[in-house]
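Contents: one structure, followed by commentary.
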Amino acid sequence: MSHPDTPGSIRTCAARMIHAVEVYERDGNSDKLRQALLDATLPVAQRADLYKLGVKRQANHIENAKWLYYDDQLTLELDEFPNGKFIPPHDHGVWEAIVLCNGSLKHTTYERVDDRSVEGHSELKVVEEVMMKVGDIAMVVPPSDIHSFEAMTADTFALTIVGGEYSPLRHYYNLQNNTYAVRTPRALRETGALAGAPR
Ligand SMILES: [Fe+2]
């Protein structure tokens, strides 16, 4: 058990992240935000009871996903990435950070290098490819928010922090064909989140 005011409590972590986001909204310094998010979430990542926390989340690419914290401007998720499953390049429309809790994750960020004149055609260039270790953070920030990742071991878990709601229209890139598709995320479609408000 983590006492509510210890660094490992979700509430403390959320308060620290909210403060970090407020600072970022003033200074626009994403390097500072990234460090502050890591400082806020590492005590949670290191909790012995981490995998007992949270409630089930319907995700877009994976099955085992949970909400640890949610408001309409900030979310903290605990996600399991299946060993060897390549999650192809995609964007988000908001910033997203990943803190590795267990296992090993190959994380790649991309830049679009085509002139965007042909609909459905895209060329991506790898900006950075890192093999994340436990306790590492990776972050993507619009307009450079395209990434892919792949768990390299079994039991790869990460905390994912998202700076608001994902865009309802996201780009999913195919590296082999140099194409992209604009799609609504599966979780938004299947949960009915796109339907109008009940009358
Ligand atoms: Fe992502």
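Under the numbering used here, think of the first position of the sequence shown as 12, with each following residue one higher. For glycine and all other residues, C-beta sits at the position ideal for the given N, C-alpha and C. All of these numbers come straight from a predicted model, not from anything done at the bench.
Counting C-beta neighbours from all protein chains within 10 Å, is the total for T86 16 or more, i.e. buried, or is it exposed? Counting from 1 along the sequence shown, the entry for residue 86 is found at position 75. Classification of T86: buried, given that the 10 Å Cβ count is 16 or more.
Enumerate, from N- to C-terminal direction, the unbroken alpha helix (DSSP H) stretches of 4 or more residues contained entirely within the segment 16–61. 21–38, 41–56
For T164 and N185, the rounded distance between their alpha carbons: One-based indexing of the sequence shown puts residue 185 at position 174. One-based indexing of the sequence shown puts residue 164 at position 153. The alpha-carbon separation between N185 and T164 amounts to approximately 24 Å.
So, helix, strand or coil for K96, using DSSP? For the purposes of this step, residue 96 is identified with residue 85 of the sequence shown, where counting begins at 1. Of the three classes helix, strand and coil, the one that applies to K96 here is coil, per DSSP.
Considering only the beta carbon of each residue, do H118 and V145 sit closer than 8 Å? Within the sequence shown, the letter at position 107 stands for residue 118. Within the sequence shown, the letter at position 134 stands for residue 145. In this structure, the beta-carbon distance from H118 to V145 does not fall below 8 Å.
Quick one: is the Cβ of S103 within less than 7 Å of any heavy atom of ligand 1? By one-based count along the sequence shown, residue 103 stands at place 92. The amino acid at residue 103 is misidentified as Ser; the sequence shows His. Yes, the beta carbon of H103 sits closer than 7 Å to at least one heavy atom of ligand 1.
Counting along the chain, where does the beta strand (DSSP E) carrying S159 start and finish? Residue numbering aside, residue 159 sits at position 148 when the sequence shown is read from its first letter. S159 -> beta strand (DSSP E) spans 157–162.
Minimum length 3: unbroken beta strand (DSSP E) runs contained in the segment 124–158: Segments of the beta strand (DSSP E) lying fully in the segment 124–158: 135–143, 148–151.
What residues in its chain sit with their C-beta under 6 Å from that of G175, if we drop five residues either side in the sequence? Taking the sequence shown and counting its residues from 1, one reaches residue 175 at position 164. If you ignore the 5 residues before and after G175, its C-beta comes within less than 6 Å of the C-beta of Q84, V105, all in its own chain and listed in chain order.
Where N40 and D156 are concerned, what is the direct C-alpha to C-alpha distance, given to the nearest angstrom? As a first step, residue 40 is located in the sequence shown; it is residue number 29 there, counting from the start. As a first step, residue 156 is located in the sequence shown; it is residue number 145 there, counting from the start. So the two alpha carbons sit approximately 15 Å from each other.
Let me confirm a value: G19 is counted as buried when at least 16 other C-beta atoms fall within 10 Å, else exposed. Which label applies? Translated into positions along the sequence shown, residue 19 becomes position 8. So G19 ends up on the buried side.
Distance cut-off 7 Å: E107 Cβ against heavy atoms of ligand 1: Taking the first residue of the sequence shown as position 1, residue 107 is located at position 96. For ligand 1, at least one heavy atom lies less than 7 Å from the Cβ of E107.
Output the distance between the C-alpha atoms of A76 and E36, rounded to the nearest integer angstrom. Here residue 76 refers to the residue found at position 65 of the sequence shown. Here residue 36 refers to the residue found at position 25 of the sequence shown. Going from the Cα of A76 to the Cα of E36 covers about 28 Å.
By the 10 Å Cβ neighbour count, where 16 or more other Cβ atoms means buried, how is Y191 classified, buried or exposed? Counting from one through the sequence shown, the residue named residue 191 turns up at place 180. Around the beta carbon of Y191, a 10 Å sphere encloses 16 or more other beta carbons of the protein chains shown; the residue is thus reported as buried.
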